[in-house]
Amino acid sequence: MTGSNPNPRIEWIVALASLALVLDDWAQNLLLPLIPMWRHELGWQGWQIGTALGAESAVVVWASPLVGYYLREPRTARTLATLALGMFGMALVVYGHAQAYGWWVAARLTQGAAVAVSFPAIFVWANHLLPMRDRERRLQTINVITAGGALGTPLVSGGVLQLLGRSDAFWAMAGLVAALMVAFLLTPIPPGSVVCPTAHSREIPPQVGLMWGVVALVMFGVGLLQTALPLAVAVPLQWSPLAIGFFFFVLGVVFVVPQVFIRQGERRSALWVLGIGAALMTVLGFVSSGWVRAAVAVGITLSFVPAFSWALRAASTGPRAGVGFGWFESGIATGLLAGTTIGGVLWSWGGGLAMFGIGALILAGGIGVLVGWPGRTTYTQKETQIP
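Counting from 1, one number per residue, gives the positions in the sequence shown under full-length UniProt numbering.
This is the structure we're talking about:
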């Protein structure tokens with residue numbers, strides 16, 4: 001098509017990649033309203049809740065950068081993305097029927113393997129199929145749609161669970177995954193697709209460890225809140241799955257929307273704002289009102305925004321952004337794994353006071369290390385040239 005009319009093939013690629021990338025957020029948010037069930041109906045302890053939530057990240061943390069480092073060819077990427085979606089569908093079926101703790105953990109590990117493979121594979125697949133002239137703009141569109149879809153998944157997930165029940169909700173999502181598998185296989189890859197050299201460069205960006213540490217620390221706080229809030233807020237207030245989903249939707253809006261408007265800030269100032277969140281986290285351990293805890297959680301989430309935004313820009317800037325983004329995803333997985341696991345263990349050991357108090361100390365210690373971390377995260381003019 002010509003003129004102002006959109007190219008349907010390009011729009012199809014953007015829509016397909018965006019939907020596939022947002023599935024992981026949807027599945028994660030379908031699980032959050034089930035935490036009260038794990039606690040009261042299945043009799044799980046806090047450490048079991050934390051490790052079940054964190055099992056996915058235990059795979060993503062090391063496998064995602066590895067897959068992204070070696071995967072370069074579009075047909076291989078499409079095959080791996082399709083297989084990963086199949087694994088994801090299997091995990092969803094287990095979610096709909098599992099009772100034993102071991103089955104939940106096995107399904108979460110399977111989902112982690114699917115995410116670790118599908119995320120870089122979809123990125124490589126889209127990179128080859130999108131035309132060179134507006135590839136960067138289309139990839140940015142995929143990022144925006146994925147972020148927007150992730151925002152809505154808690155609300156949609158809670159409503160679907162309340163409307164359909166656990167078994168039917170996960171079967172419905174498994175059906176969507178099966179349709180996506182067919183769509184990927186039927187989307188042709190034209191011969192001679194142009195490879196974007198910056199997307200597949202294997203050179204590690206400068207000071208990637210600093211960026212990784214910042215995003216991991218932020219997501220550690222997010223993991224703590226994901227584990228604690230269904231227990232510390234939803235249970236005492238007797239919220240329904242829809243109400244739990246709406247609450248996490250509000251937290252998602254608070255976390256994502258300001259990043260659209262925030263300017264690139266300085267690393268140390270962003271980390272000091274994160275320190276305010278660590279101080280607020282101690283408040284959660286001393287208050288018993290569910291509504292007060294919910295309000296404080298909104299403030300904590302807002303304090304995460306500057307540091308996460310800084311890390312995202314550090315990962316996506318420069319010619320090695322493909323590798324940088326892989327390490328960014330690894331930082332997210334590491335933080336979530338530590339936050340959910342440590343949070344669950346601390347809740348079992350000492351309740352909310354131990355969980356939020358020690359969690360705040362860990363955040364404060366991490367902030368101190370990263371504030372004093374020497375080095376740079378920007379490129380010199382010479383480094384921006386692609387060899």
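The beta carbon of each residue, even a glycine, is placed where N, CA and C say it ideally should be.
Rounded distance between the beta-carbons of residue j and residue i, thought under 8 Å
{"i": "THR51", "j": "THR341", "result": "5 Å"}
{"i": "MET333", "j": "LEU346", "result": "Looking at the sequence shown, residue 333 is not Met but Ala. Their Cβ separation, rounded to whole angstroms, is 20 Å, which puts ALA333 and LEU346 out of contact at 8 Å."}
{"i": "GLY158", "j": "PRO33", "result": "5 Å"}
{"i": "THR141", "j": "VAL22", "result": "Between VAL22 and THR141 the Cβ distance is about 13 Å, and since that is not below 8 Å, they are no contact."}
{"i": "ARG138", "j": "ILE10", "result": "7 Å"}
{"i": "VAL160", "j": "LEU92", "result": "That pair is no contact at about 12 Å."}
{"i": "ALA278", "j": "ALA364", "result": "5 Å"}
{"i": "LEU242", "j": "GLN162", "result": "5 Å"}
{"i": "GLY275", "j": "ILE367", "result": "5 Å"}
{"i": "THR146", "j": "SER18", "result": "5 Å"}
{"i": "MET181", "j": "THR79", "result": "Contact doesn't hold; Cβ gap of about 11 Å is too wide."}
{"i": "ILE189", "j": "LEU130", "result": "12 Å between Cβ atoms; not a contact."}
{"i": "GLY89", "j": "ALA174", "result": "5 Å"}
{"i": "GLN99", "j": "LEU53", "result": "Between LEU53 and GLN99 the Cβ distance is about 17 Å, and since that is not below 8 Å, they are no contact."}
Proximal residues to residue i (C-beta, below 7 Å), its chain only, five neighbours per side dropped
{"i": "ALA84", "result": "ALA114, VAL117, SER118 and ALA121"}
{"i": "LEU66", "result": "none"}
{"i": "TRP212", "result": "TRP327, SER330 and GLY331"}
{"i": "TRP38", "result": "TRP44 and ILE49"}
{"i": "PRO36", "result": "PRO230, ALA234 and VAL235"}
{"i": "ARG293", "result": "ALA232, VAL233, LEU284 and VAL287"}
Boundaries of the alpha helix (DSSP H) in which residue i is found, first to last residue
{"i": "TRP44", "result": "Looking at the DSSP string, TRP44 is not in any alpha helix (DSSP H), and its letter there is neither H nor E."}
{"i": "SER289", "result": "Looking at the DSSP string, SER289 is not in any alpha helix (DSSP H), and its letter there is neither H nor E."}
{"i": "ILE122", "result": "101-129"}
{"i": "PRO33", "result": "Premise fails: PRO33 is in no alpha helix (DSSP H) and is neither H nor E."}
{"i": "ARG75", "result": "74-97"}
{"i": "TRP373", "result": "No alpha helix (DSSP H) contains TRP373, which DSSP labels as neither H nor E."}
{"i": "ARG166", "result": "166-186"}
Own chain residues within Cβ distance below 6 Å of residue i, not counting five before or after
{"i": "GLU56", "result": "ARG108, GLN111 and GLY112"}
{"i": "TRP373", "result": "LEU210"}
{"i": "TRP349", "result": "none"}
{"i": "LEU224", "result": "GLY339, GLY343 and GLY359"}
{"i": "PRO258", "result": "VAL305"}
{"i": "ALA183", "result": "LEU16"}
{"i": "VAL124", "result": "LEU71 and ALA77"}
{"i": "PRO8", "result": "Only weak support is given to the placement of PRO8: the predicted model assigns it a pLDDT of 40, under 50, and the question is left unresolved by the model."}
{"i": "LEU302", "result": "VAL254"}
{"i": "PHE247", "result": "none"}
{"i": "TRP47", "result": "GLY344, VAL345 and SER348"}
{"i": "SER289", "result": "none"}
{"i": "TRP12", "result": "none"}
{"i": "VAL273", "result": "SER303 and PRO306"}
Contacts around residue i, its chain only, beta-carbon distance under 8 Å, and the 5 residues preceding and following it disregarded
{"i": "ASN5", "result": "With a pLDDT of only 41 at ASN5, under 50, the local geometry of the prediction cannot be trusted, and the value read off the model is given with reservation. Taken in chain order, the list of residues that qualify is empty."}
{"i": "ALA228", "result": "LEU284, GLY343, TRP347, GLY352, MET355 and PHE356"}
{"i": "LEU370", "result": "LEU210, GLY213, VAL214, LEU217, ARG267 and LEU271"}
{"i": "VAL61", "result": "SER330, ALA333, THR334 and LEU337"}
{"i": "SER167", "result": "GLY96 and HIS97"}
{"i": "ALA297", "result": "LEU225, LEU229, VAL233, LEU251 and LEU284"}
{"i": "ALA63", "result": "GLY112, ALA113, ALA116 and VAL117"}
{"i": "THR282", "result": "PHE356, GLY357 and ALA360"}
{"i": "TRP103", "result": "VAL94"}
Residue i Cβ short of 7 Å to the ligand ATP heavy atom set
{"i": "LEU164", "result": "As for the ligand ATP, it is missing from this structure, which has no ligand bound."}
Contact with chain C by residue i, beta-carbon distance below 8 Å
{"i": "PHE328", "result": "Considering every chain present, this structure includes no chain C. It has just one protein chain."}
Complete alpha helix (DSSP H) runs within the region 220-285 (minimum length 4 residues, chain order) | 241-261 and 267-284
If you scan the region 345-372 from start to end, which runs of the beta strand (DSSP E) of 3 or more residues do you find wholly inside it?
-> none
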